[in-house]
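Counting along the sequence shown from 1, when you hit position 136 you're at 797 in this note's numbering, and nothing is skipped either side. For glycine and all other residues, C-beta sits at the position ideal for the given N, C-alpha and C. Below you'll find the structure, written out as structure tokens, and then a few comments.
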Amino acid sequence: MRIGMLTSGGDCQSLNATMRGVAKSLYKMFDDLEIIGFEDGYKGLIYADYHVMKPSDFSGILTEGGTILGTSRQPFKLMRVPDDNGLDKVEAMKHTYKKLKLECLVVLGGNGSQKTANLLREEGLNIVSLPKTIDNDLWGTDMTFGFQSAVNVATNAIDCIHTTAASHGRVFIVEVMGHKVGWLTLHAGIAGGADIILLPEIPYDINVVVDALRERSRQGKRFSILAVAEGAISKEDASLTKKELKEKKKTGVVYPSVAYELGARIEEMTGQEVRVTVPGHMQRGGEPCPYDRVLSTRLGAEAALLIKNKEYGYMVSVDNNDITKVPLEEVAGKLKTVDPSCSMIREAKMVGICFGDE
């Protein structure tokens, strides 16, 4: 039994823990097992950059962040485009898979990685995938591994900002990762006690944001904290087409990110001092939290069971805290976004958090 394994896309804290869950379970199930680790994600599969892994490789990595296999981003939209040397990437991946006589390829990745995994399934390869992303935006699973660890980091950043914000009486904007979805910002914002949370799914009105800040000042509050997703967008910009928005950005002031643009508008309209903090890739780093270690172990064990039962073409997923599976073709290309009318948004508004929309 020879199994291939790779980690693809952005890194997160629980990739090693999940690989460990898969490997330890497989080693118990099969006496004659060889795991082939591909370096740097699909790149390793394309260019046959791999090594045979040993059981010892999976020891001591439960608490280790990052990925021992390395990772890279290989955009799905370019998978059918030949590389600089004219190499057909899809055919190259199939060739590597068949040359090594793999029974199955285990893919740990997010949205783009799942789309490529499904492409390989359509090409006839045996695939089992696992849901990795700090954004928790994969359709078909309640939870992704890496999300809760990132929430912890982002929440800690907001916690640390509280004391300096209170000391100086400033407005602080903490920019949280999330271009298209706001799960990470929503959870960290609530957990960190943010006063205003801005998400990609809820275009904000700058006047509503400013009114919320002024109301806090009227109440004698010395400071305010905004948790802002990097993909947050104003109602004005959300009404524009992609082409119109691109043209608008060419003519206006160029800001490093939405947080800086928002900060400049708030200072201009209120006269309050604004500071921006961007935790950035810290949110992907460090060791996995206990929740993710448990989740990764469970997901990994279930992936091994699918392989044992020769149930291929699935992504292992979480449904109401049960570990189950969902067909890859149902996952590929779908985003799980925050519903603006969901109970969590409603409850956050009930305790006074502003989302910039009303």
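Going by the CB atoms, is the gap between residue j and residue i shorter than 8 Å?
| i | j | result |
| --- | --- | --- |
| residue 1016 | residue 938 | no |
| residue 663 | residue 764 | yes |
| residue 723 | residue 681 | yes |
| residue 694 | residue 757 | no |
| residue 890 | residue 853 | no |
| residue 996 | residue 800 | yes |
| residue 946 | residue 726 | yes |
| residue 837 | residue 888 | yes |
| residue 940 | residue 826 | no |
| residue 847 | residue 999 | yes |
| residue 864 | residue 910 | no |
| residue 968 | residue 687 | yes |
| residue 759 | residue 733 | no |
| residue 767 | residue 683 | yes |
| residue 960 | residue 679 | yes |
| residue 886 | residue 822 | yes |
| residue 665 | residue 699 | yes |
| residue 983 | residue 866 | no |
Does the Cβ of residue i have 16 or more other Cβ atoms within 10 Å, making it buried, or fewer, making it exposed?
| i | result |
| --- | --- |
| residue 1003 | exposed |
| residue 712 | exposed |
| residue 912 | exposed |
| residue 797 | buried |
| residue 692 | exposed |
| residue 902 | exposed |
| residue 1007 | exposed |
| residue 741 | exposed |
| residue 970 | exposed |
| residue 870 | buried |
| residue 856 | buried |
| residue 717 | exposed |
| residue 974 | buried |
| residue 862 | buried |
| residue 745 | exposed |
| residue 907 | exposed |
| residue 721 | exposed |
| residue 899 | exposed |
| residue 843 | buried |
| residue 874 | buried |
| residue 1011 | exposed |
On the DSSP bridge list, what partners appear for residue i?
| i | result |
| --- | --- |
| residue 921 | Paired residue(s): none; residue 921 is not in a bridge. |
| residue 698 | 666, 712 |
| residue 939 | DSSP, once it has assigned bridges, lists no residue as partnering residue 939. |
| residue 979 | 984 |
| residue 865 | 895 |
| residue 768 | 667, 790 |
| residue 609 | Residue 609 lies beyond the range of the chain shown here (662 to 1019); nothing can be said about it. |
| residue 611 | Because the chain is modelled from 662 through 1019, residue 611 falls outside the range shown and cannot be assessed. |
| residue 1015 | 857 |
Grouping DSSP H, G and I as helix and E and B as strand, with all else coil, what is residue i?
| i | result |
| --- | --- |
| residue 740 | coil |
| residue 793 | strand |
| residue 952 | helix |
| residue 717 | helix |
| residue 889 | strand |
| residue 1003 | coil |
| residue 1058 | No answer is possible for residue 1058: the residues shown for the chain start at 662 and end at 1019. |
| residue 860 | coil |
| residue 723 | coil |
| residue 706 | helix |
| residue 972 | coil |
| residue 821 | helix |
| residue 734 | coil |
| residue 902 | coil |
| residue 944 | helix |
| residue 841 | coil |
| residue 729 | coil |
| residue 872 | helix |
| residue 682 | helix |
| residue 773 | helix |
| residue 779 | helix |
| residue 959 | helix |
| residue 760 | helix |
| residue 830 | coil |
| residue 755 | helix |
| residue 1010 | helix |
| residue 813 | helix |
| residue 746 | coil |
| residue 928 | helix |
| residue 883 | coil |
Nearer than 7 Å: is that true of the beta carbon of residue i relative to any heavy atom of the ligand FMN?
| i | result |
| --- | --- |
| residue 1003 | Of the ligands one can find in the structure shown there are none, so the ligand FMN has no counterpart to examine. |
Does the stretch 974 to 981 come close enough to the stretch 803 to 815 to have 3 or more Cβ pairs within less than 8 Å?
The stretch 974 to 981 is in contact with the stretch 803 to 815.
Contact the stretch 780 to 795 vs the stretch 981 to 991: 3+ CB pairs below 8 Å
Pairwise C-beta distances place the stretch 780 to 795 in contact with the stretch 981 to 991, as three or more of them are shorter than 8 Å.
May I ask you to verify whether the stretch 663 to 675 touches the stretch 950 to 957, counting CB pairs closer than 8 Å and requiring at least 3?
Contact between the stretch 663 to 675 and the stretch 950 to 957 is present, because at least three Cβ pairs lie under 8 Å.
Answer yes if the stretch 772 to 781 comes into contact with the stretch 922 to 941, meaning at least three C-beta pairs across the two stretches below 8 Å, and no otherwise.
As far as the Cβ criterion goes, the stretch 922 to 941 does not touch the stretch 772 to 781, which means the pair count is below three.
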